[in-house]
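Visitor:
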Amino acid sequence: MTENVLQKNRKQVAYWLLIGVFMIVIQVILGGITRLTESGLSITEWKPITGTLPPMNDAAWMAEFDKYRNTDQFKYVHQHFSLSDFKFIFFWEWFHRVWARLLGVVFLIGFVYFIARKKFDKSMIKPMIILFILGGLQGLVGWIMVKSGLVPEKYYVGHVELTTHLIAAIVLLVYTAWFAFTLLPSMQKKVYAPNLGKKLGIVSVLLCLQLIYGGFMAGLKAAATAPTWPSINGEYFPKYMLAEGSFFNNLVNNPIMVHFMHRGLAYLLLLFVIVYFFSAIKTGSSKLFSNLNKTFLLLFLLQAA
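Taking the working numbering, I'd label the letters of the sequence shown as residues 145 to 449.
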């Protein structure tokens, strides 16, 4: 296989993976809509094949609605729901699941095509296996999350399970994007800056922690516990941060502590992102590297705002 043919094949595989990246981004957005509309428990069963189609007649809709009415979320939170209300939340959960299936189909078709046309080289085998594993784990984690909200005295999915589902999606997204970029010649230029790498490592760790606490905030509805800024209900170190037993339990399950951690990590992350950005500018690297760093800073500032 000539170098030109090899590069052409790698580009085609990269573009296919980038289609997957786009679809994963859409899936994350759909997941956010599903959570915000409290739609996640509207489908109480996992049917990978037959669940692809929504209810097709009134009897089927009533059967699904009856299943939902057996959940504690309906009994104690959505007891006022009519069939029309149920159809609305059902749509978002159904669409979220169907999009995941479509993503799997796109990946499978592309995988079979590239195998048949012998466009994969040996360096792609291990990353492909990892992608399969990450995709399968994401589906499993999603169902575990739904199950966590279908037990007695639970009105919503567990915040730990919700966060695990979110982080698994982000890991899948980042890994797929990284794999695609390694196959594109324009992305293979490396920047040698050891100190910059250390700063980026710190930013990455802080960002991961912030995403975890963002998931906890959402799952615990912790934002409602302190609708004030910059203080937390008039205090910068809330007195109820350690009100729920052990320190670890407070870190994970106490809405006030979770709120405090989320804000604190945001300030710390902002500081390190700015330090990283100005350090990156001093490297005098390529225009692409400079533009990527500017975009990163802009996106972060928009998120902070």
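All C-beta atoms in this analysis are idealised placements derived from N, C-alpha and C, irrespective of residue type, glycine included.
So does the segment 184-199 actually touch the segment 273-280, counting three or more Cβ pairs closer than 8 Å?
Guide: Because the criterion of three Cβ pairs below 8 Å is not met, the segment 184-199 and the segment 273-280 do not touch.
Visitor: Using the three-state DSSP reduction, which class does Ile314 fall into: helix, strand or coil?
Guide: Ile314 falls in the helix class under three-state DSSP.
Visitor: Could you check whether the segment 170-181 touches the segment 313-327, counting it as contact only if at least three pairs of C-beta atoms, one from each stretch, sit closer than 8 Å?
Guide: Touching, yes, given that three or more Cβ pairs across the two stretches are closer than 8 Å.
Visitor: With a threshold of 8 Å, are at least 3 pairs of Cβ atoms found where one atom belongs to the segment 290-303 and the other to the segment 248-265?
Guide: Because the criterion of three Cβ pairs below 8 Å is not met, the segment 290-303 and the segment 248-265 do not touch.
Visitor: Among Trp160, Ala449 and Ala366, which one has its Cα closest to the Cα of Asn397?
Guide: Comparing Cα-Cα distances from Asn397 to each of Trp160, Ala449 and Ala366, the minimum goes to Ala366.
Visitor: Could you pull the start and end residues of the alpha helix (DSSP H) that Phe255 belongs to?
Guide: Unbroken alpha helix (DSSP H) run through Phe255: Leu227 to Ala260.
Visitor: Buried or exposed, going by whether 16 or more other CB atoms sit within 10 Å of the CB of Pro329?
Guide: Answer is exposed; the Cβ neighbour count stays below 16.
Visitor: Whose C-alpha, out of His403, Phe166 and Asp216, is nearest the C-alpha of Ile107?
Guide: The question about residue 107 has no answer here: the residues shown for the chain are numbered 145 through 449.
Visitor: Grouping DSSP H, G and I as helix and E and B as strand, with all else coil, what is Ile274?
Guide: Helix.
Visitor: Distance check for Leu415 and Glu189, CA to CA, integer angstroms please.
Guide: If you take the alpha carbons of Glu189 and Leu415, they lie about 45 Å apart.
Visitor: Taking the alpha-carbon positions, what's the Ala449 to Ala410 distance?
Guide: Roughly 11 Å between the two C-alpha positions.
Visitor: Return the chain-ordered ranges of every alpha helix (DSSP H) run that is complete within the segment 178-225 and spans a minimum of 4 residues.
Guide: Correct list: 202-213 and 216-220.
Visitor: Taking only three categories from DSSP, how would you classify Glu379?
Guide: Three-state result, Glu379: strand.
Visitor: Output the distance between the C-alpha atoms of Met405 and Pro374, rounded to the nearest integer angstrom.
Guide: The straight-line gap from Cα to Cα measures roughly 13 Å.
Visitor: Indicate the three-state DSSP secondary structure (helix, strand or coil) for Gly279 in the structure shown.
Guide: Helix.
Visitor: Just confirm the distance between the C-beta atoms of Leu327 and Ala158, as a whole number of angstroms; I'd bet it's less than 8 Å.
Guide: Between Ala158 and Leu327 the Cβ distance is about 4 Å, and since that is below 8 Å, they are a contact.
Visitor: Relative to the C-alpha of Pro296, which residue among Ile233, Val250 and Tyr220 is closest?
Guide: If we check each option's Cα against that of Pro296, Tyr220 comes out closest.
Visitor: I need the DSSP call for Gly176, collapsed to helix, strand or coil.
Guide: Looking at Gly176 - three-state DSSP - the assignment turns out to be helix.
Visitor: On the CB-based measure, 16 or more other CB atoms within 10 Å of its CB, does Thr178 come out buried or exposed?
Guide: Thr178 is buried by the Cβ-count criterion.
Visitor: Can you give the beta carbon distance from Phe255 to Ser186, rounded, assuming they're within the 8 Å contact cut?
Guide: No, Phe255 and Ser186 are not in contact; Cβ-Cβ is about 32 Å, not under 8 Å.
Visitor: Once DSSP output is grouped into helix, strand and coil, what is the label at Asn148?
Guide: It is helical.
Visitor: Quick one: is Ser292 buried, meaning 16 or more other Cβ sit within 10 Å of its Cβ, or exposed?
Guide: Ser292 comes out buried.
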